[in-house]
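Mapping the sequence shown onto this note's numbering, position 53 (from 1) lands on 53, and the numbers just tick up by one. Here the structure is laid out as structure tokens; the discussion comes afterwards.
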Amino acid sequence: MGQIARDTGWSVDYIMRGVNCPMLMLMWQDFPRHVPGRKKTTQEMVAERRSRNGQPDMSPADYLQQLLDEEENADESH
């Protein structure tokens with residue numbers, strides 16, 4: 001009701017007493033509304049986050065292998 005009053009400039013009293021119900025229903029159907037877009041998949045969100053952070057695209061197995069290699073190199077240097 002408030003949205004119709006705001007957009008038309010009519011008072012709420014006028015809308016309640018002077019506008020018939022079918023007209024209000026038609027007006028309500030014509031109002032723009034937000035239609036949510038497609039939700040991103042987990043893979044898309046991870047790829048987007050990596051691109052923002054500057055990290056290369058890497059599979060979990062490759063990442064774990066990289067951690068193991070870094071750990072071995074650290075042990076060898078000590």
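Positions of the beta carbon are idealized from the N, C-alpha and C atoms, including for glycine.
Between the CA atoms of residue j and residue i - distance to the nearest angstrom
{"i": "residue 66", "j": "residue 41", "result": "26 Å"}
{"i": "residue 23", "j": "residue 33", "result": "18 Å"}
{"i": "residue 6", "j": "residue 39", "result": "32 Å"}
{"i": "residue 9", "j": "residue 52", "result": "46 Å"}
{"i": "residue 70", "j": "residue 60", "result": "15 Å"}
{"i": "residue 31", "j": "residue 68", "result": "58 Å"}
Where the alpha helix (DSSP H) through residue i begins and ends
{"i": "residue 8", "result": "2-8"}
{"i": "residue 49", "result": "42-53"}
Secondary structure of residue i, DSSP reduced to three states
{"i": "residue 20", "result": "coil"}
{"i": "residue 60", "result": "helix"}
Same chain, Cβ closer than 8 Å to residue i, five either side skipped, listed in chain order
{"i": "residue 12", "result": "1, 2, 5"}
Own chain, CB closer than 6 Å to residue i, minus 5 neighbours either side, in chain order
{"i": "residue 62", "result": "none"}
{"i": "residue 44", "result": "none"}
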